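Note sheet for the following structure.
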Amino acid sequence: MFKIQGVLKVANPMVQVSEKFSKREFVLTDNSGMFPQDILFQLSQEKCSLLDSYQLGDVLDVSFNIRGREWTSPQGEVKYFNSLEAWRIESQSKNTQIPAGGPSAMNLNPTSSTSDKPTFSTESEEDDVLPF
45 MFKIQGVLKV ANPMVQVSEK FSKREFVLTD NSGMFPQDIL FQLSQEKCSL LDSYQLGDVL
105 DVSFNIRGRE WTSPQGEVKY FNSLEAWRIE SQSKNTQIPA GGPSAMNLNP TSSTSDKPTF
165 STESEEDDVL PF
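Using my numbering, the letters of the sequence shown correspond one by one to residues 45 to 176.
Quick look at the structure:
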């Protein structure tokens with residue numbers, strides 16, 4: 045299992061390859077290195093709908109597996125193909141571009157307000173007796 049973060053650049057429609065197989069391809073731009081990398085991913089079968097709730101420009105975390113296969117041409121030549129099969133897509137933030145230099149250059153985990161933090165009592169609470 046692998047995971048990558050990037051910006052959704054292309055979202056192609058679902059393609060019905062055969063009666064029993066459908067796929068959907070999309071491109072994610074990874075800005076974590078010196079140069080941006082446009083990476084093609086594939087969703088298949090019921091996973092094709094995972095992309096429906098996202099728009100171009102959204103920052104996404106994509107979990108995927110690398111798939112490889114061998115194919116022999118009619119002439120007997122053996123070739124190998126790879127695909128990146130996405131199986132989970134999560135949004136980091138809608139329509140927020142990752143700056144050059146990667147995710148570390150952008151604060152993706154804003155601090156929460158103090159009202160969101162749980163409070164604990166340090167005083168003895170004799171009225172609250174637990175049976176264990």
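From the three backbone atoms N, C-alpha and C, an ideal C-beta is built for every residue, glycine too.
The structure displayed is predicted, hence computed values, not measured ones.
Practice item. List the residues that DSSP assigns as beta-bridge partners of LYS123. Key: TRP115
Check your understanding: How far does the beta strand (DSSP E) with SER66 in it reach, from first residue to last?
Key -> 65-74
Exercise for review: Report whether the distance from the Cβ of LEU128 to the nearest heavy atom of the ligand NAP is below 7 Å.
Suggested key: What this structure holds is no ligand at all, so the ligand NAP is not there to describe.
Review point. Since PHE46 sits in a beta bridge, which residues does DSSP pair it with?
Key: PHE108
Check your understanding: For LEU104 versus ILE133, is the C-beta distance shorter than 8 Å?
Key -> yes
Exercise for review: Could you pull out every residue in the same chain whose Cβ sits closer than 8 Å to the Cβ of PHE65, ignoring the five residues on either side in sequence?
Suggested key: SER88 and GLN89
**Study point:** According to DSSP, residues forming a beta bridge with VAL54
**Key:** VAL71
Review point. Thinking C-beta only, is SER135 closer than 8 Å to ASP96?
Key: no
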